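Structure, as structure tokens:
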Amino acid sequence: MGKLTTYRDKRAGLRAHAAALKSTAMTEAKLAAKETRKQAREAHRVELAEAKKRAKLEGKNADRKAKREEKRAEKQNKLDRKAAKRDRKAEKVHAKEERKTIKREAKILAKDRKLAEKIDAAGRKHEYQLAEMELDKLKGTKLGKDDVQRWLNMAKVATPVLLPLVYKVVSNAQSSDKTAEAGGVDLKAAGINATGPAAALGARIVRLERTLDGLETSRGGEREVKDFVASTRTRLTDLRTAVETAETTPTAQRREIHSSISGELDRVNKDVLARLGVKA
């Protein structure tokens with residue numbers, strides 16, 4: 001009986017110990033599961049909080065980016081408006097400069113035209129004086145065939161204003177089927193390619209050369225006249241060169257050169273008229 005009781009007690013103790021171990025294991029398992037669920041909830045809460053935080057931060061970043069884009073767009077619009085304003089201002093300045101340039105060119109053309117008219121008037125005065133000289137010679141004289149031919153040649157050089165007068169004198173002196181040929185100065189034929197004051201100067205030079213031709217024809221046998229014609233032709237050739245050279249100079253300087261050439265032509269004209277016996 002003693003051994004059996006001892007075995008039963010021992011076995012009961014083992015069962016109690018096993019039950020205690022099992023109960024402890026189950027308790028520990030429940031606690032572990034509870035801790036796991038707690039940790040999972042905590043992790044979820046932390047993750048959710050971080051997600052909210054990230055969303056909030058992303059929202060703030062998006063707002064800041066939108067504001068930056070808005071400011072950048074506003075700044076660009078402002079720059080565009082300023083650029084457009086500068087362009088309009090530049091266009092106004094350019095238009096103003098163009099108007100000034102056109103006005104300045106118009107003034108230059110007006111001055112050149114006035115100078116050309118002045119130079120041309122001086123050349124026509126030379127022809128008028130020559131015509132008056134010829135008319136004075138014919139007063140009270142009887143015209144012959146040679147006189148008629150000389151007057152017809154004179155008509156080619158005389159200005160349109162004097163042509164009716166010349167033709168009238170010739171017609172009254174001798175009836176003829178011939179008519180006076182009116183003509184100006186063909187600058188291209190004379191080797192002068194110019195316009196404006198340069199053309200007027202070229203026309204004066206050609207007229208003076210024609211006058212020298214007539215002087216040489218009528219009095220070329222005289223030594224003094226021959227030397228005068230030669231020296232004057234040299235002066236006129238130099239003036240031709242000066243007229244051509246002036247075309248390559250700036251406008252203001254060219255106008256001064258034209259005035260200087262015109263003054264020299266006045267002196268040549270005076271010398272020629274003095275040689276012809278005409279008071280300038």
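For the sequence shown, counting from 1, position 50 maps to 50 in the UniProt record's numbering; every step adds exactly one.
We put the beta carbon where it would ideally sit given N, CA and C, even for glycine.
Quick caveat, the model's predicted, so the values are computed rather than measured.
query	result
In chain order, what residues of the same chain lie with their CB nearer than 6 Å to the CB of ALA116, ignoring the 5 residues before and after it?	GLY196, PRO197 and ALA200
Threshold first: 4 residues or longer. Then list the alpha helix (DSSP H) segments lying entirely within the segment 212-255, N to C.	223-246
Using only CA atoms, which one of GLU98, LYS38, LYS78 and ILE261 lies nearest to ALA203?	ILE261
So, do the segment 227-240 and the segment 266-274 have three or more beta carbon pairs nearer to each other than 8 Å?	yes
Give the DSSP-derived three-state secondary structure of GLY59 in the structure shown.	helix
Between the alpha carbons of ARG64 and VAL93, how many angstroms are there, rounded?	42 Å
Below 6 Å CB to CB, which residues in the same chain sit around GLU224 once its five sequence neighbours on both sides are set aside?	none
CA-CA distance, PRO250 and LEU208?	28 Å
With DSSP run on the structure shown, which of helix, strand or coil describes ASP271?	helix
Please classify GLY196: does DSSP put it in a helix, a strand, or coil?	coil
Distance check for GLN39 and ASN77, CA to CA, integer angstroms please.	55 Å
For ILE102, count the other beta carbons within 10 Å of its own beta carbon; 16 or more makes it buried, fewer makes it exposed. Which is it?	exposed
State the DSSP-derived secondary structure class of residue 290, mapped to helix, strand or coil.	Residue 290 lies beyond the range of the chain shown here (1 to 280); nothing can be said about it.
Note down the Cα distance separating HIS17 from ARG11, rounded to an integer number of angstroms.	10 Å
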